[in-house]
Amino acid sequence: MHLAFGDVQVEGVQGWGGAEAFAQTGDAYHAVQRTVRHTVKRTGRLACTMTTEYSGQGDPARSLALLWRTPGKGRASRKGKPELSVDLIVRAAIEVGDADGLAALSMRRVAERLGVGTMSLYTYVPGKAELIDVMLDTVYGDLYQAAPTGGWRARLESIAREQWALYHRHPWLLQVATGRPALGPNAMAKYEFELSAVEGIGLSDVEMDSVVTLVYGYVLGAARGAVEAARAPQETGMTDEQWWQTYAPFLNALVDHTRFPIASRVGTAAGQEHGAAYNPGHAFEFGLARVLDGIQTLVVSLREG
1 MHLAFGDVQV
11 EGVQGWGGAE
21 AFAQTGDAYH
31 AVQRTVRHTV
41 KRTGRLACTM
51 TTEYSGQGDP
61 ARSLALLWRT
71 PGKGRASRKG
81 KPELSVDLIV
91 RAAIEVGDAD
101 GLAALSMRRV
111 AERLGVGTMS
121 LYTYVPGKAE
131 LIDVMLDTVY
141 GDLYQAAPTG
151 GWRARLESIA
161 REQWALYHRH
171 PWLLQVATGR
181 PALGPNAMAK
191 YEFELSAVEG
201 IGLSDVEMDS
211 VVTLVYGYVL
221 GAARGAVEAA
231 RAPQETGMTD
241 EQWWQTYAPF
251 LNALVDHTRF
261 PIASRVGTAA
271 GQEHGAAYNP
281 GHAFEFGLAR
291 VLDGIQTLVV
301 SLREG
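In terms of UniProt numbering, the sequence shown opens at residue 1 and continues consecutively.
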């Protein structure tokens with residue numbers, strides 16, 4: 001019994017070959033997470049992709065004032081460099097987040113990137129919480145630059161793909177819980193654009209919001225899995241091949257695959273198909289199609305009802 005993993009034949013692990021592909025929720029998912037944490041602990045390296053911040057934690061008046069300000073590039077200083085502005089500070093903060101994640105983000109780190117004293121930033125931004133609110137709204141402004149085309153399904157698919165790409169450009173977004181959003185102009189424009197994709201197709205206002213939220217939630221989860229998978233070799237110090245080679249002997253010794261014939265068969269097939277335990281791109285494409293199929297069923301049922 002084996003799993004075909006790229007060019008590596010790992011004996012005795014076919015029952016686990018596709019586990020990551022279908023275990024995004026439930027006990028199997030948590031088992032995989034425990035395994036990853038054990039690997040990180042054993043290699044002495046720490047991966048941090050879990051939520052570390054919450055939007056809307058800053059002072060509401062100050063956050064909203066920053067979000068709804070009139071953008072500007074700042075005046076030129078006598079040395080020829082632009083003087084500090086909210087926009088320059090936010091862009092520098094986004095660069096820090098893109099490079100090292102939110103755990104590395106601080107007012108001091110942003111100041112160092114700009115080559116100024118830390119205290120000078122507080123004239124423009126009162127603190128990290130408000131800064132994160134503006135960072136979120138700023139990157140939302142990169143979404144949906146092209147005019148919408150096609151029917152509702154094509155438009156929702158395009159929205160999902162743009163969100164997917166945004167999370168990969170700015171993985172730190174996955175570290176921010178946005179259940180209490182500080183609604184800036186770009187966040188409002190984002191929501192407006194997304195709702196317009198399902199306007200006039202027979203959904204109630206609440207159903208429109210639910211559909212948009214469903215797509216958002218799906219992409220968020222899929223992107224988190226993809227980003228975590230991409231970061232695993234760097235953060236754990238082990239490639240996927242090394243990981244399998246490390247765990248294969250234990251699986252051989254502990255797992256009786258005759259007890260799990262379906263998992264063994266399907267795991268082998270999935271592992272051979274994808275050349276890995278988990279293929280984020282395939283998982284995203286398959287899941288997105290199913291989400292859109294479900295929405296289509298809802299739309300059709302409302303029309304026929």
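Note that CB positions come from ideal geometry on N, CA and C, so glycine has one too. A quick note: this is a predicted structure, and the numbers were derived from the prediction, not measured.
Ignore the nearest five residues each way along the sequence and tell me which others in Y218's own chain have a CB closer than 8 Å to its CB.
Hits under 8 Å: A160, G287, L288 and V291.
Do the CB positions of E130 and S85 come within less than 9 Å of each other?
Not a contact, by the Cβ cut-off of 9 Å.
Local conformation of E273 per DSSP, three classes
E273: helix per DSSP, three-state reduction.
Between the segment 105 to 119 and the segment 187 to 204, do at least 3 Cβ pairs fall closer than 8 Å?
When C-beta atoms of the segment 105 to 119 are compared with those of the segment 187 to 204, fewer than three pairs fall below 8 Å, so the two segments do not count as touching.
Is DSSP giving Y54 helix, strand or coil here?
DSSP places Y54 in the strand class (E or B) of the three-state scheme.
Please report the Cβ distance between A230 and W164, rounded to the nearest whole angstrom; I am assuming they are in contact, meaning their Cβ atoms lie under 8 Å.
Contact flag wrong, Cβ pair sits at about 13 Å.
W164 CB to nearest chain C CB: under 9 Å?
No chain C appears in this structure, which consists of one protein chain only.
From this set, I262, V90 and L173, which residue's C-alpha is nearest V125's C-alpha?
Cα-wise, what sits closest to V125 is V90.
Excluding the five sequence neighbours on either side, which residues of its own chain have a C-beta within less than 8 Å of the C-beta of L102, listed in chain order?
T52, E53, I132, W172, Q175 and V176.
For a test of the three-state rule: what should DSSP assign to V116, helix, strand or coil?
DSSP places V116 outside both helix and strand once states are collapsed to three, so it counts as coil.
Proximity of M107 and T118 at Cβ, strictly below 9 Å
Closer than 9 Å, so yes.
Short of 6 Å in beta carbon distance, which residues of its chain neighbour I94, apart from the five on each side in sequence? Order them along the chain.
Setting aside the 5 residues that flank it on each side, I94 is surrounded in the same chain by M135, each with a C-beta closer than 6 Å to its C-beta; the list follows chain order.
Based on Cα-Cα distance, which residue from Q145, V139 and L88 lies nearest to S120?
Cα-wise, what sits closest to S120 is L88.
DSSP three-state call for A283: helix, strand or coil?
It is helical.
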